[in-house]
Amino acid sequence: MQEDRVNRPYHGEQSMPHTSRHPARLRPSRRAAWAAALCSAAALLAACNIQKADNRPPEEIISERAAARWQAMMNREYAKAYEYVAPSVRSVMSLDGYKRRYNILSDQHPSSWKKAEVRGVSCDSSDACTAKVYLETQIHVPKFQGMRATAETEERWILQDGQWWVHLR
């Protein structure tokens with residue numbers, strides 16, 4: 601009776617003579633299916649461009665990311681700059697909302713920012729830092745056309761999902 605249970609086919613399977621049912625030994629068709637699944641998973645992981653953990657100090661990472669964000673703003677690559685905004689903020693602020701925040705009327709509108717320089721980053725906790733950014737802007741008001749203004753602003757950066765993001769209020 602016990603021997604009969606061992607040789608019975610699994611649900612939905614047809615009986616195959618001389619085939620081992622031991623789970624460690626897969627039939628050739630199953631081996632090929634597993635190999636294909638593993639190759640697909642490896643290709644998917646490679647396509648996702650999974651980043652290695654960045655072991656640099658947060659100040660260095662934030663300085664680099666803040667400079668890259670402002671470079672994108674100066675180059676009128678607003679969608680690229682928007683990618684540096686915290687996912688929690690992007691969930692409630694669209695790209696158009698981001699552009700309105702900076703008074704960007706169109707992608708063809710001349711960039712007001714002529715220079716951006718990160719002048720320091722200080723962290724008050726392991727997941728929140730402040731970047732000081734010096735900005736030089738071109739004035740587009742007719743009476744003051746051609747003049748430049750400078751300012752230093754502070755940006756809040758937060759660690760979310762293993763990455764540093766600017767947190768717009």
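Those letters in the sequence shown? Residues 601 to 769, by this note's numbering. We put the CB at the ideal spot given by N, CA and C, even for glycine. Remember, it's a predicted structure, so these values are computed and weren't measured experimentally.
Cβ pair count under 8 Å reaching 3, the stretch 728-743 against the stretch 677-685: The answer is no - the stretch 677-685 does not touch the stretch 728-743, with fewer than three Cβ pairs under 8 Å.
Identity of the residues DSSP links to ALA681 by a beta bridge: Translated into the one-based positions of the sequence shown, residue 681 becomes position 81. Partner(s): none; ALA681 has no beta bridge.
Span separating the alpha-carbon of TRP765 from that of GLY697: Against the sequence shown, residue 765 aligns to sequence position 165. Against the sequence shown, residue 697 aligns to sequence position 97. So the two alpha carbons sit approximately 17 Å from each other.
Residues near ALA667 in its chain [Cβ-Cβ closer than 6 Å; skip 5 each side]: Along the sequence shown, read from residue 1 onward, the residue named residue 667 stands at position 67. Within the same chain, ALA667 has close Cβ partners VAL718.
Straight-line gap, GLU804 to MET673 (C-alpha atoms, nearest Å): No answer is possible for residue 804: it lies beyond the span of the chain, which begins at 601 and ends at 769.
Helix, strand or coil at VAL692 according to DSSP, with G and I counted as helix: Within the sequence shown, the letter at position 92 stands for residue 692. DSSP places VAL692 in coil when its eight states are reduced to three.
The stretch 750-757 touching the stretch 713-733, judged by at least three CB pairs closer than 8 Å: Counting Cβ pairs under 8 Å, three or more are found: they touch.
Continuous beta strand (DSSP E) stretch holding ALA749: start and end: Taking the sequence shown and counting its residues from 1, the one referred to as residue 749 is at position 149. In this chain, the beta strand (DSSP E) harbouring ALA749 covers 748-760.
Cut-off 6 Å between Cβ atoms - residues of its own chain near TRP670, not counting five sequence neighbours on either side: Within the sequence shown, residue 670 is the residue found at index 70, counting from 1. Cβ neighbours of TRP670 beyond the five flanking positions: ALA716.
Proximity of ARG748 and LYS714 at Cβ, strictly below 8 Å: Start at 1 with the first residue of the sequence shown, and residue 748 comes out as number 148. Start at 1 with the first residue of the sequence shown, and residue 714 comes out as number 114. Closer than 8 Å, so yes.
Nearest-angstrom Cα separation, counted from ASP761 out to PRO658: As a first step, residue 658 is located in the sequence shown; it is residue number 58 there, counting from the start. As a first step, residue 761 is located in the sequence shown; it is residue number 161 there, counting from the start. Answer to the nearest angstrom: the Cα atoms are 14 Å apart.
Exposure of THR750, with buried meaning 16 or more beta-carbon neighbours within 10 Å: On the sequence shown, residue 750 is found 150 positions in, with the first residue counted as 1. It is exposed - the Cβ of THR750 has fewer than 16 other Cβ atoms within 10 Å.
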